[in-house]
Amino acid sequence: WVLAYDGEFENEDELKEIVRRINRKVNTQISQATNVTPILLFQKEKEYLSPVPDANIVESYLSHCLKVKVHKDSLIYYKGNRYSVAEKYINKTVSLKIKENLLYIYYNTELITIHKIIEGSKKINYLPEHYQMLMSKHIKNKEELDEVCANNLKRLNNLL
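Residue numbers for the sequence shown follow this note's numbering, so the first one is 1363 and each next one is one higher.
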């Protein structure tokens, strides 16, 4: 359609105006297939459209994700290091997405946690809430649980 206008515009603004005129004309002509104008069909269809999902979810569909299994210690392995997820994902397969030095971990399309990617190898990155969930099976007293978890995570960080 624009080829017919070859040489009839001098700059981008004139081209945009030509495209706007074509768009207006096409959208107000009655379609032979539906016997209705495209603009009216679009107005009706808009009632049934859903909002676009969160950008992270859309990205998870579009880009290649690495799939890994969650081990019984609630950790996944990525480039020699280990990162925690919630205990309910043990033995499940999750998807990893890397963006700006962050590790996004998804279960199906649900973003379940985000970790900062750590340098080096053989390091463990437990989020405190993930570790507490695991330990709560063994320690029922809340104060004792908090203390044991804090001490263990501190020792773990000192080891690495």
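Don't be surprised by glycine CBs; every beta carbon is placed ideally from N, CA and C.
Within the same chain, show all residues whose beta-carbon is closer than 6 angstroms to that of K1431, passing over the 5 residues directly before and after it, in chain order. T1455
In whole angstroms, what is the alpha-carbon distance linking A1417 and Y1493? 29 angstroms
Label Y1439 either buried or exposed according to how many other C-beta atoms from any shown protein chain fall within 10 Å of its C-beta, with 16 as the threshold for buried. exposed
How should I1401 be labelled, buried or exposed, when 16 other C-beta atoms within 10 angstroms of its C-beta is the threshold for buried? exposed
I need the DSSP call for L1411, collapsed to helix, strand or coil. coil
Use the C-beta contact count for H1477: other C-beta atoms within 10 angstroms, 16 or more gives buried, fewer gives exposed. buried
According to the Cβ coordinates, are I1460 and I1474 closer than 8 angstroms? no
If you scan the stretch 1396-1476 from start to end, which runs of the alpha helix (DSSP H) of 4 or more residues do you find wholly inside it? 1400-1408, 1417-1424
What is the residue span of the alpha helix (DSSP H) that N1385 lies within? 1374-1390
Using the three-state DSSP reduction, which class does K1484 fall into: helix, strand or coil? coil
Between which two residues does the alpha helix (DSSP H) carrying Q1394 extend? Unbroken run through Q1394: none, as it is neither H nor E.
Check this for me: beta carbons of S1393 and C1427, under 8 angstroms apart or not? no
K1504 (DSSP reduced to helix, strand or coil): helix
Report back the beta-carbon spacing between S1446 and Y1488 to the nearest angstrom; my notes put them in contact at under 8 angstroms. 4 angstroms
Does DSSP put K1529 in a helix, in a strand, or in coil? Outside the displayed range of the chain (1363 to 1522) lies residue 1529, so it cannot be described from this structure.
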